[in-house]
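Protein chains: 2
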Amino acid sequence: MTETFSDDRIRQHRTADATVTLTLDGAPLAGREVEIEQTRHKFLFGCTGFELMDHANGTSADPELDARKAEQWEGLFNFATLPFYWGRFEPERGKPATEPLRKAAQWFADRGHPVKGHPLAWHTVSADWLLDLENEEIARVQVERIKREVADFAGVIDMWDVINEVVIMPIFDKYDNGITRICRDIGRIPMVRMVFDAAREAGPDATLLLNDFDMSAAYECLIEGVLEAGVKIDALGLQSHMHQGYWGEEKTEAILDRFSRYGLPIHFTETTIVSGEVMPPEIEDLNDHQVDSWPSTPEGEARQADEIERHYRTLFAHPSVEAITYWGMYDTGMWLGAPGGFIRLDGTPKPSYDRLHHLVNEEWKTPATTLTTDEQGRVRFNGFLGDYSITFGDRGGEFKLVQAGAADLTVDFA
Amino acid sequence: MTETFSDDRIRQHRTADATVTLTLDGAPLAGREVEIEQTRHKFLFGCTGFELMDHANGTSADPELDARKAEQWEGLFNFATLPFYWGRFEPERGKPATEPLRKAAQWFADRGHPVKGHPLAWHTVSADWLLDLENEEIARVQVERIKREVADFAGVIDMWDVINEVVIMPIFDKYDNGITRICRDIGRIPMVRMVFDAAREAGPDATLLLNDFDMSAAYECLIEGVLEAGVKIDALGLQSHMHQGYWGEEKTEAILDRFSRYGLPIHFTETTIVSGEVMPPEIEDLNDHQVDSWPSTPEGEARQADEIERHYRTLFAHPSVEAITYWGMYDTGMWLGAPGGFIRLDGTPKPSYDRLHHLVNEEWKTPATTLTTDEQGRVRFNGFLGDYSITFGDRGGEFKLVQAGAADLTVDFA
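Residue numbers (full-length UniProt numbering), protein chains in the order written: chain X, 1 to 414; chain L, 1 to 414.
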């Protein structure tokens with residue numbers, strides 16, 4: 001795939017040819033200068049927001065550092081994923097840590113960034129107290145837990161990774177846990193149906209995802225079974241942790257080809273590309289690779305910047321992809337201690353930061369532009385999908401480009 | 001797993017504690033000597049019967065050799081798989097090679113050996129003329145083909161691998177073929193439903209199998225989806241080509257554990273264990289390993305005999321397994337030229353032949369035994385499941401042990 005090809009597809013799928021008719025009190029505003037500016041992407045450039053929990057809650061140990069982190073975060077992203085791991089969210093039954101999560105979610109929401117909760121059901125980091133319950137009771141509290149979180153956060157979090165890693169869930173054998181027990185007992189599809197029914201009931205308008213790391217035919221078969229069983233999935237989550245090396249365009253395209261067959265939006269939910277040595281290929285479960293130190297290196301950082309650019313170009317060029325969530329902004333506190341962030345341990349940005357910043361804020365964003373209306377009061381331009389402001393003197397308006405292709409809009413400055 | 005453990009399980013799952021009451025014209029036959037003998041196994045010890053097609057059709061180039069092969073075949077097996085690869089069965093549309101298959105199937109049936117047809121739908125060795133058809137037409141002729149074969153062979157072949165390797169079917173990319181096209185078009189589960197509906201309609205009492213080589217969670221997910229969709233599967237087919245080395249008990253047990261969860265009978269449909277060098281582990285598609293010569297070696301033959309014994313012991317000890325089909329009796333004409341047979345190129349048996357012969361005909365078969373009836377005319381014995389003859393002087397009778405556990409039967413010599 002050449003860059004030209006991907007650029008063509010990006011233009012085709014991510015921009016609209018807009019005709020905006022401007023009126024003042026209903027009359028065409030002919031022959032006047034107006035300024036348009038894109039204020040938001042429609043595409044979800046996402047990242048974990050775990051690291052800004054303290055900042056959002058006003059409980060920072062180092063407020064200055066955290067404020068800088070928040071600024072760095074917003075320099076790249078418009079979409080946050082927040083942690084709802086059951087074992088951490090409700091370590092003691094009946095005492096969920098709802099408030100700090102609500103404040104964090106509200107912080108992002110106040111800035112216009114949609115928030116996704118991750119995950120509502122998963123066999124890893126699940127609550128230990130489930131182990132004392134009978135399977136029927138585990139299923140019941142799992143359903144209640146989902147309804148509680150979806151209802152409690154409605155209006156602030158309206159997107160959920162409802163269930164995570166179902167392919168391996170019933171045969172996961174690293175340690176005993178309540179979720180594997182019930183999934184093995186009732187089967188994968190009834191499990192997915194149960195948790196989606198609960199989430200749908202509590203949040204009829206929420207966007208509900210199935211999420212998995214397994215990119216093999218197993219996930220395809222699971223998806224086909226779930227869809228045939230009539231469970232409505234709003235988007236497919238594909239993890240893409242690349243601790244063992246960047247996939248490359250060919251593999252990524254093949255995955256997109258296989259998983260776009262279902263006509264569902266695709267979210268790349270968990271992307272990691274490291275700026276140090278890559279993990280040996282023989283590791284099957286990434287959790288098995290525990291190292292004392294995993295440094296970011298200059299060569300690694302140059303490679304990471306290239307690979308992140310290539311990955312984002314490939315995904316942004318594919319019409320099924322609606323979101324990319326990067327799995328950790330900062331090397332501090334990253335999963336497995338991997339140097340996978342955009343920001344080094346010392347707080348300085350890596351080349352990947354500038355590279356993605358350029359793509360998101362320049363190459364793929366319509367810059368502030370002055371246009372002159374024609375005799376019918378129209379301006380025409382090709383712009384990236386998203387929200388726009390338009391100003392005429394001291395009057396301002398807004399519009400959205402929501403769909404690729406031709407868009408006809410009217411803005412009245414009355 | 002110790003041999004003792006597997007022996008215990010074999011006794012538990014494969015034998016019955018029989019009490020047979022013998023009567024003569026309705027009156028108990030007390031205090032008399034009778035002889036019982038097992039004449040057939042309930043368990044299906046199967047093999048491909050491809051190589052006996054000429055013998056069965058009376059078209060042998062070497063009738064003496066083929067007669068010896070037939071004798072060797074029947075020394076081990078009681079269940080045959082015959083080839084229905086569409087591209088070979090009907091290379092020209094409308095001219096199926098029904099007759100030679102019918103004669104071959106009849107030959108086995110006449111000897112009391114049930115026959116399975118393999119396969120009715122598969123993307124490999126499919127008919128080239130499908131490539132000229134629209135997808136809708138391919139689906140239509142696939143359905144008709146299934147109905148035709150199942151109806152044409154009813155009474156002689158009543159067991160079918162209805163569809164083969166569905167996990168990879170829609171993403172198979174080695175070459176274009178009609179079956180991958182329609183599977184990709186309609187999806188795996190609708191494909192399975194379509195071919196099973198056709199087979200069920202034409203053969204309501206036939207035993208219908210889903211068969212795959214993929215032993216990963218992908219096949220589990222497929223099975224769960226198919227079952228959730230309400231498609232009735234009579235038995236699960238698990239291939240077990242071990243050109244890359246014997247799986248070992250632990251892996252085999254884990255597979256049995258995972259695939260027995262569905263409560264369906266399991267057939268090990270395609271077992272190969274080589275008596276020469278094993279194929280390198282990095283080969284993903286076994287078809288990619290093409291060698292000029294792949295000799296059977298003395299060390300390889302000793303190892304093969306051990307491994308075949310271990311494999312059959314593991315499977316015979318598991319209550320879900322109802323059949324094991326070995327994929328090739330003779331090294332001549334084996335898939336990939338592998339030395340996987342029981343009979344060498346020169347026609348002599350390998351150690352594996354004697355080993356399996358011992359298991360099937362001695363260790364796991366109830367020998368001819370003379371028993372004396374008690375005062376109520378009863379004899380008691382523990383016997384392997386299957387068909388039995390019983391003789392009293394010059395009078396003979398028959399009975400069957402069909403289920404493990406206690407069995408109470410009456411045979412009247414009238």
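Note that CB positions come from ideal geometry on N, CA and C, so glycine has one too. Computed from a predicted structure; not experimentally measured.
- Ala-305 of chain X and Lys-350 of chain X have their C-alpha atoms some 8 Å from each other.
- Taking all protein chains shown into account, Arg-380 of chain X has fewer than 16 neighbouring C-beta atoms within 10 Å of its C-beta and is therefore exposed.
- Under the 9 Å criterion on CB atoms, Glu-284 of chain L is classed as non-interfacial with respect to chain X.
- Sequence-ordered contacts of the segment 216–228 of chain X with chain L read Ser-216, Ala-217, Ala-218, Cys-221, Leu-222, Glu-224, Gly-225 and Glu-228 [C-beta pairs closer than 7 Å].
- In the structure shown, Tyr-353 of chain L adopts helical secondary structure according to DSSP, grouped into three states.
- For Gly-203 of chain L, the CB contacts under 8 Å within the same chain, skipping 5 residues up- and downstream, are Val-150, Ala-151, Ala-154, Asp-158 and Trp-160 in chain order.
- Excluding residues up to 5 positions away in sequence, nothing lies with its Cβ nearer than 6 Å to the Cβ of Ile-186 of chain L in the same chain.
- Against chain L, a Cβ distance below 7 Å from Arg-188 of chain X picks out Cys-221 and Glu-224.
- For Val-167 of chain X, the closest Cβ of chain L is nearer than 9 Å.
- Tyr-326 of chain X sits close to Thr-272 of chain X, with the two beta carbons spaced by under 9 Å.
- If you ignore the 5 residues before and after Leu-315 of chain X, its C-beta comes within less than 8 Å of the C-beta of Thr-252, Leu-256, Phe-268, Val-321 and Ile-324, all in its own chain and listed in chain order.
- The Cβ-Cβ distance between Asp-354 of chain L and Gly-341 of chain L does not fall below 9 Å.
- Membership of Asp-408 of chain X in the beta strand (DSSP E) is indicated by the continuous run 405–412.
- Close CB contacts of Gly-337 of chain X within its chain, under the 6 Å cut and outside five residues either way in sequence, are with Trp-294 (chain order).
- Asn-177 of chain L carries a coil assignment under DSSP once its states are collapsed to helix, strand and coil.
- Per DSSP, the unbroken beta strand (DSSP E) holding Ile-163 of chain X starts and ends at 159–164.
- Looking at the DSSP output, Pro-28 of chain L bridges to L:Thr-23.
- Comparing alpha carbon positions, the residue from L:Leu-209, L:Arg-378 and L:Gln-376 closest to Lys-232 of chain L is L:Leu-209.
- With a cutoff of 9 Å on beta-carbon distance, Ile-146 of chain X and Arg-181 of chain X are scored as not near each other.
- At a Cβ-Cβ threshold of 9 Å, Val-411 of chain L and Thr-23 of chain L count as neighbours.
- The Cβ-Cβ distance between Leu-120 of chain L and Val-162 of chain L falls below 9 Å.
- Beta bridge pairing from DSSP links Asn-382 of chain L with L:Asp-17.
- Look at the segment 248–264 of chain L: the residues with a C-beta under 7 Å from a C-beta of chain X are Arg-258.
- The shortest C-alpha to C-alpha distance from Asp-176 of chain L to any of L:Val-226, L:His-123 and L:Arg-200 is the one to L:His-123.
- The DSSP-derived three-state label of Asn-78 of chain X is coil.
- Between Arg-111 of chain L and Trp-364 of chain L, the gap from beta carbon to beta carbon reaches 9 Å or more.
- In this structure, the beta-carbon distance from Glu-37 of chain X to Pro-367 of chain X falls below 9 Å.
- Within 9 Å of the CB of Ile-233 of chain L, no CB atom of chain X is found; the nearest one sits about 14 Å away.
- Beta-carbon to beta-carbon, Tyr-262 of chain X and His-311 of chain X are separated by about 22 Å, too far to satisfy the 8 Å threshold.
- Beta-bridge partners assigned by DSSP to Tyr-262 of chain L: none are found.
- Taking the Cβ atoms as the reference, Ala-30 of chain X lies roughly 27 Å from Gln-403 of chain X, outside the contact range of under 8 Å.
- Shown here, Val-167 of chain L sits in coil according to DSSP, grouped into three states, outside any helix or strand.
- For Phe-89 of chain L, the CB contacts under 7 Å within the same chain, skipping 5 residues up- and downstream, are Pro-96 and Ala-97 in chain order.
- With fewer than 16 other Cβ atoms from the protein chains shown falling within 10 Å of its own Cβ, Asp-8 of chain L counts as exposed.
- Boundaries of the alpha helix (DSSP H) around Asn-57 of chain X: 53–57.
- Taking 9 Å as the cut-off, the beta carbon of Leu-101 of chain L is found no closer than this to the beta carbon of Pro-114 of chain L.
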